[in-house]
Amino acid sequence: MKVDDKERNQLSQAIDQLSEGLDAFIELYNESVEDKPLLQLTEDNEGLLSKAIIKFGGEEVNGKVNKVIAELLEWLPLDDVETEEEETGETGDE
Numbered sequence: 014m015k016v017d018d019k020e021r022n023q024l025s026q027a028i029d030q031l032s033e034g035l036d037a038f039i040e041l042y043n044e045s046v047e048d049k050p051l052l053q054l055t056e057d058n059e060g061l062l063s064k065a066i067i068k069f070g071g072e073e074v075n076g077k078v079n080k081v082i083a084e085l086l087e088w089l090p091l092d093d094v095e096t097e098e099e100e101t102g103e104t105g106d107e
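Numbering (this note's numbering), first residue to last: 14 to 107.
1) Is G70 helix, strand or coil by DSSP?
2) Roughly how many angstroms lie between the CA atoms of V16 and T96, to the nearest whole one?
3) Need the endpoints of the alpha helix (DSSP H) that L36 sits in, please.
4) Roughly how many angstroms lie between the CA atoms of I28 and N43, to the nearest whole one?
5) Could you tell me the distance, in whole angstroms, from the CA atom of E40 to the CA atom of S25?
6) Just to confirm, is the Cβ distance from A65 to V74 under 8 angstroms?
7) Decide if E107 is buried, meaning its Cβ has at least 16 other Cβ atoms within 10 Å, or exposed.
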């Protein structure tokens, strides 16, 4: 294919942009971790949560559900259990 200097420059820029985009995708892939659901909700509870989010908003429902879960988990003796993040030293903050 014959190209002039301007077209050659445009092709070179396009290749550079594609390469940068591919590098970004590769980085995202390399940093990805398996998404393991912590809780299996019943269909009924999923439906109720969806309704609550529509009515009260996600932030409000999220706060209340997390508060209830925290209170329930306080009943369990969990001080001697180490999570995967604690074992590997990861904090999950990024």
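C-beta: ideal position from N, C-alpha, C; glycine also. Bear in mind that the values here come from a model prediction, so they are computed numbers and not experimental data.
In this structure, then:
1) Judged by DSSP in its simplified three-state form, G70 adopts coil rather than helix or strand.
2) C-alpha separation (whole angstroms): 59 angstroms.
3) Per the sequence shown, the amino acid found at residue 36 is Asp instead of Leu. For D36, the enclosing alpha helix (DSSP H) starts and ends at 18-44.
4) Roughly 22 angstroms separates the two Cα atoms.
5) Roughly 23 angstroms separates the two Cα atoms.
6) Yes. Within cutoff.
7) Only weak support is given to the placement of E107: the predicted model assigns it a pLDDT of 49, under 50, and the question is left unresolved by the model.
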